[in-house]
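In terms of the numbering used here, the sequence shown has 115 at position 109, counting the first letter as 1, and numbering is strictly consecutive. First up is the structure itself, then whatever we jot down about it.
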Amino acid sequence: MSTSPLATPHTPSIRRATESYGERALRKFKEEPLVPIGTFATVGAFTMAVIKLRRRESRSLNYWMRMRVAAQAFTIAAVCAYCWGPGKEQSTQTVEDLQVKREQQFDKERKEFQDRLKVAETEWKETQNLAGDAKK
Numbered sequence: 007m008s009t010s011p012l013a014t015p016h017t018p019s020i021r022r023a024t025e026s027y028g029e030r031a032l033r034k035f036k037e038e039p040l041v042p043i044g045t046f047a048t049v050g051a052f053t054m055a056v057i058k059l060r061r062r063e064s065r066s067l068n069y070w071m072r073m074r075v076a077a078q079a080f081t082i083a084a085v086c087a088y089c090w091g092p093g094k095e096q097s098t099q100t101v102e103d104l105q106v107k108r109e110q111q112f113d114k115e116r117k118e119f120q121d122r123l124k125v126a127e128t129e130w131k132e133t134q135n136l137a138g139d140a141k142k
């Protein structure tokens, strides 16, 4: 496998193979804590707006709709800040660790496949020998 930077896969695709959904969510929450907080604030404000709409309280409805817009703006600002912020550099050590994990997983799967293939070949040879003995 080539180690040139052009041949190195992008970090998200490497992580996708090594992380579960829960692990990824927890990592993202630790890396970018303001985004989920803003998302929960948006959902909370929207929920309150729906409640006020059903109760026909128009003044409170307008207040909560404004809060929803403010929470959405906060969330979008947090996403932009994390995307273009100075702490977004990827460490090469992390990418290398993930590549090593992926190669180890690939080697393990290859060995398991070769073992299954050997077992299947021996079973095939045994059935061929039994079929040849039955013809005689």
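C-beta atoms are modelled at their ideal positions from N, C-alpha and C, and glycine is treated no differently.
Roughly how far, in whole angstroms, is the beta-carbon of A51 from the beta-carbon of A77, given that I think they are within contact range, below 8 Å? So it is a contact: roughly 5 Å between Cβ atoms.
Three-state secondary structure (DSSP) at R62? Assigned with DSSP and collapsed to three states, R62 falls in coil, not helix or strand.
Assuming K107 and T48 form a contact by the criterion Cβ under 8 Å, report the distance between their Cβ atoms to the nearest whole angstrom. The pair is not a contact, with the Cβ atoms about 35 Å apart (cut-off 8 Å).
Alpha-carbon spacing of Q105 relative to F112, whole angstroms: The C-alpha of F112 is placed about 10 Å away from the C-alpha of Q105.
Integer-rounded CB distance, given that V41 should sit under 8 Å from T81: Their Cβ separation, rounded to whole angstroms, is 6 Å, which keeps T81 and V41 in contact under 8 Å.
Near S66, which residues of its chain fall below 7 Å by C-beta distance, leaving aside the five closest residues on each side in sequence? Once the five neighbours on either side are set aside, the close Cβ partners of S66 are K58.
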